[in-house]
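Student: Numbering (my numbering), first residue to last: 1004 to 1270. Note that the Cβ used here is the ideal one computed from N, Cα and C, for glycine as well. Dropping the structure in here first, questions after.
Okay, structure coming up:
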């Protein structure tokens, strides 16, 4: 994976952290048919790649993403039949599913424009940092579409609450980074000069942790919304019992006994 050279987005690896950013800085890094497909394939592959233990989705040249490309995506959609349209909307949704299902923590580092499908990518990440100047919008209604795109009506209310999500998805308005932090969409606001460094630092910290246990945490975070409390407690009991069989659990105990810091290996 470290030698991977994607065609439709930027990719580099720092230690065990993959750093991804979209191409097309002159157009504020839009998504295209090709980048959707390649990103989905990449996150699906990362799931089975032990050399990548965390991911940072970064901005490029001062912007995160302007969403679906007007010329490469929007224009062709107006000429598709229903079959083609459904194939496209399912393909875009597959990107969200592959990010959620990749088993690795994903940290979004947002700067500048973060709208449409770009905002969805940030939403589908586990943790979100932003610069004070980040401008975010789920602007689907602005182009005559519903706000229910790529899982937004399910995921966004879980992050910021039903009422706030409803406002953003109905109006498509831009919300500031300060609003985003206050509402819990952004975990932290970071100076633009430190944004990527801080995101990579956190991702590196997570990558050095018990990655099998992180996989369990991510799985349960995304599955337990559809469970009753009793089901969730039982699911977590089973997940934790599985984690207690890992060597990382043994390593942590041995390090504690020696009053040293555990070195986790992900097994």
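(1) Ignoring anything shorter than 3 residues, give me the beta strand (DSSP E) runs that lie fully in the stretch 1089-1116, in order along the chain.
(2) Three Cβ pairs or more, each shorter than 8 angstroms: is that satisfied between the stretch 1042-1050 and the stretch 1078-1092?
(3) If you draw a straight line from the alpha carbon of residue 1015 to that of residue 1026, how long is it in whole angstroms?
(4) For the beta strand (DSSP E) holding residue 1012, just list the boundary residues, first then last.
(5) With DSSP collapsed to three states, give me the class of residue 1159.
(6) Does the beta-carbon of residue 1213 have 16 or more other beta-carbons within 10 angstroms, so that it is buried, or is it exposed?
(7) On a CA-only basis, which of 1210, 1124, 1064, 1248 is nearest residue 1043? Give me that one, please.
(8) How many Å lie between residue 1189 and residue 1243 at the Cα?
(9) Assuming residue 1069 and residue 1032 make a contact with CB atoms under 8 angstroms, what is their CB distance in whole Å?
(10) Cα-Cα, which of 1173, 1138, 1011 is closest to residue 1034?
(11) Check whether the Cβ atoms of residue 1175 and residue 1144 lie closer than 9 angstroms to each other.
(12) What residue does the beta strand (DSSP E) around residue 1068 start on, and which one ends it?
(13) Evaluate the contact criterion for the stretch 1164-1182 versus the stretch 1221-1230: three or more CB pairs, one atom per stretch, below 8 angstroms.
(14) If you run the structure through DSSP and keep just helix, strand and coil, what is residue 1081?
(15) If the criterion is Cβ atoms closer than 9 angstroms, does the pair residue 1154 and residue 1120 meet it?
(16) Under 7 angstroms Cβ to Cβ from residue 1097, same chain only, skipping five residues before and after it: list those, please.
(17) Measuring alpha carbon to alpha carbon, tell me which of 1232, 1020, 1116, 1007 ends up nearest residue 1109.
(18) Whole angstroms is fine: what's the gap from residue 1129's alpha carbon to residue 1114's?
Tutor: Working from what's here:
(1) 1109-1113
(2) no
(3) 13 angstroms
(4) 1012-1017
(5) helix
(6) buried
(7) 1124
(8) 28 angstroms
(9) 6 angstroms
(10) 1011
(11) yes
(12) No beta strand (DSSP E) holds residue 1068; DSSP gives it neither H nor E.
(13) no
(14) coil
(15) no
(16) 1043
(17) 1020
(18) 17 angstroms
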